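Residue 1 is where the sequence shown starts when you use the UniProt record's numbering, and the numbers rise one by one after that.
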Amino acid sequence: MKGLKKNSILLLLITFVVLFFVVKDDFNAIVDILKNVNPLWVVVGFLTMAASLFFRSLGLREVITGYKFSYSVKKAFKLETMTAFFNGITPFSTGGQPMQVLLLKEDGVRMTKGTNIIMMNFILYQAALVLLGLIALFVNLSLNLFPNNPILSNLILIGFILNTAVMIGLLIICYARKFTAFMVRHIISFLSFCHLIKDRQKTKQNWEEKLTDFHEGTVFISKNKKNAALGFVYQFIGLFLLYVIPLFTFYAMHDFESMNALEAVVSSAYTMIIGAFVPIPGGSGGIEFGYSQFVGNFAPATFVSASLLIWRLTTYYLPMIVGGVLFGIRKGDAS
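Set out below in structure tokens:
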């Protein structure tokens, strides 16, 4: 709980610093733009974000039910929203998956099975992320949406390669049983040689038991092709809805011509790739930089700054706040 409070305070400080740099040059102009936003389109953005979380929760539920556990859509949606809170307050969004495993355990899913479920769900999410990133790369190469910037181009390429490598690495861990066991044995031997592990044999035995349980659960995709396919489709739709939200921020500010849905999706995909490099909760700093660089190709800087504030509220702060409230209610009910 202390770590939770510490991360929350750090996040608030980072937020204020980032907001300061976003608005410091054109504060009055940005305020004037925000005063005149159409609240209807802001609500459309909020609902689109909720729909994004809903489809991602459907993807998670497909995996859970594929493992023969009964889990309602409502519970899956709450779990996905609470995950947004823990992803939002931890560097590289590392807090979400462990918390999902713990919350599933509270719902009666054994820890090993819960780990398998979250791993499979993450693989499907990562596959959807890579496919959308690949589509964004091809669209930009075909339509040349953004001016050639070597630094940004290299960051995007590296980010895409890393995301692809993560997905392939997870699949290797899941399905290359002998190779994974070989690597684990040698890593444990190396750590023992460095005197970082006291009982090498016991550690090996523990990890071999965990790997056996884990690999028995990773036959999910081969045995549950329909669940896996639906899970992937739901994750893809959820990400697409998330990526189209910048368009509604433009509409909220009465601009219906500067950006279209395709440009919004490609800009968001690239922005998320840039943000993934920043080891700060929510990718703060990197996300704002990426947004200003890519969305900035379609509108003046002041307009983009106002759009950025609405977009971050919609896609990051609001889901995180709602997720935190839901988690607090759950903990309160449990105590």
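For every residue, glycine included, the Cβ atom is placed at its ideal position computed from N, Cα and C.
These figures come from a predicted structure and were not determined experimentally.
- Item | V238 versus I33, F27 and L60, residue with shortest Cα-Cα distance | A small fix is needed here, since residue 238 is Gly in this sequence, not Val. When only C-alpha atoms are compared, the closest one is L60.
- Since G290 is in the alpha helix (DSSP H), which residue starts that stretch and which ends it? Segment G286 to F294, the alpha helix (DSSP H) holding G290.
- Message: Among F27, N36 and D32, whose alpha-carbon lies nearest the alpha-carbon of H254?
- Response: Looking at the Cα atoms, N36 is the closest of the given residues.
- Spatial distance of S267 from P150 (CA atoms): Spanning the alpha carbons of S267 and P150 requires a straight line of approximately 17 Å.
- Task: Would you kindly report the start and end of the unbroken alpha helix (DSSP H) that includes I188?
- Result: Its alpha helix (DSSP H) spans residues R177 to F193.
- Any chance the region 124-136 sits against the region 224-241, with 3 or more Cβ pairs inside 8 Å? Enough Cβ pairs lie closer than 8 Å, so yes.
- Query: Which ranges would you report for the alpha helix (DSSP H) in the region 199-258 if only whole runs of at least 4 residues count?
  - Reply: 200-217, 220-223 and 225-252, all fully within the region 199-258.
- Would you grab the beta carbon distance between residue 396 and T83 for me? Rounded to a whole angstrom, and I think it's under 8 Å. A question about residue 396 goes unanswered here, because the residues of the chain that appear run from 1 up to 335.
- Under a three-way DSSP split, which group does Y67 fall into? If DSSP states are grouped into helix, strand and coil, Y67 belongs with coil.
- Task: Label Q293 either buried or exposed according to how many other C-beta atoms from any shown protein chain fall within 10 Å of its C-beta, with 16 as the threshold for buried.
- Result: By the neighbour-count rule (16 or more Cβ atoms within 10 Å), Q293 is buried.
- Query: Tell me which same chain residues have a C-beta within less than 6 Å of the C-beta of L242, skipping the five on either side of it?
  - Reply: A distance below 6 Å between beta-carbons, with the five flanking residues on each side excluded, links L242 to the following residues of its chain, in chain order: S52.
- Give me the Cβ distance between L318 and M49, rounded to the nearest whole Å; I'm assuming they're in contact under 8 Å. Contact holds; Cβ gap of about 7 Å.
- How many Å lie between G159 and A136 at the Cα? Each residue's Cα considered, the two are about 13 Å apart.
- Query: How far does the alpha helix (DSSP H) with A32 in it reach, from first residue to last?
  - Reply: Looking at the sequence provided, one finds Asp at residue 32 rather than Ala. It spans F27 to K35 - the alpha helix (DSSP H) in which D32 sits, taken as one unbroken run.
- Throw me the rounded Cβ distance for the G133 and I273 pair, which I believe falls under 8 Å. At roughly 7 Å, the Cβ-Cβ gap stays under 8 Å, so G133 and I273 are in contact.
- Alpha-carbon to alpha-carbon, V265 and H186: Cα-Cα distance, rounded: 43 Å.
- Item | Check whether F85 and M320 have beta carbons under 8 Å apart | Yes, Cβ-Cβ distance for F85 and M320 is below 8 Å.
- Task: Would you kindly report the start and end of the unbroken alpha helix (DSSP H) that includes A38?
- Result: The amino acid occupying residue 38 in the given sequence is Asn; Ala does not appear at that position. Annotation for N38: no alpha helix (DSSP H) segment contains it, and DSSP assigns it neither H nor E.
- Check whether the Cβ atoms of I173 and A252 sit closer than 8 Å, and answer yes or no. No.
- Own chain partners of N38 with C-beta closer than 6 Å, once the 5 adjacent residues on each side are dropped: Within the same chain, N38 has close Cβ partners A252.
- Item | Other residues of its chain near V184: CB distance less than 6 Å, five sequence neighbours each side excluded | For V184, where only same-chain residues beyond five positions count, the Cβ hits under 6 Å are W207.
- Going straight from the alpha carbon of G275 to that of V101, what length do you get? One C-alpha to the other measures close to 25 Å.
- Query: Can you tell me whether L104 is buried or exposed, with buried defined as 16 or more other CB within 10 angstroms of its CB?
  - Reply: In this structure L104 is buried. Its beta-carbon is surrounded by 16 or more other beta-carbon atoms within 10 angstroms.
- Three-state secondary structure assigned by DSSP to S307: S307: helix per DSSP, three-state reduction.
- Which value, in whole angstroms, describes the spacing of the CA atoms of A176 and T212? Approximately 12 Å between the Cα atoms of the pair.
- Start-to-end residues for the alpha helix (DSSP H) that takes in V266: Start and end: A261 to G275.
- Query: What residue does the alpha helix (DSSP H) around F77 start on, and which one ends it?
  - Reply: Counted as a single uninterrupted DSSP element, the alpha helix (DSSP H) harbouring F77 occupies residues V73 to G88.
- With a cut-off of 8 Å on the beta carbons, I'd call V63 and M120 a contact; round off their distance for me. Contact annotation, V63 with M120: C-beta distance approximately 5 Å; criterion of less than 8 Å satisfied.
- N144 to T65, Cα distance in whole Å? Near 43 Å, if we compare the C-alpha coordinates of T65 and N144.
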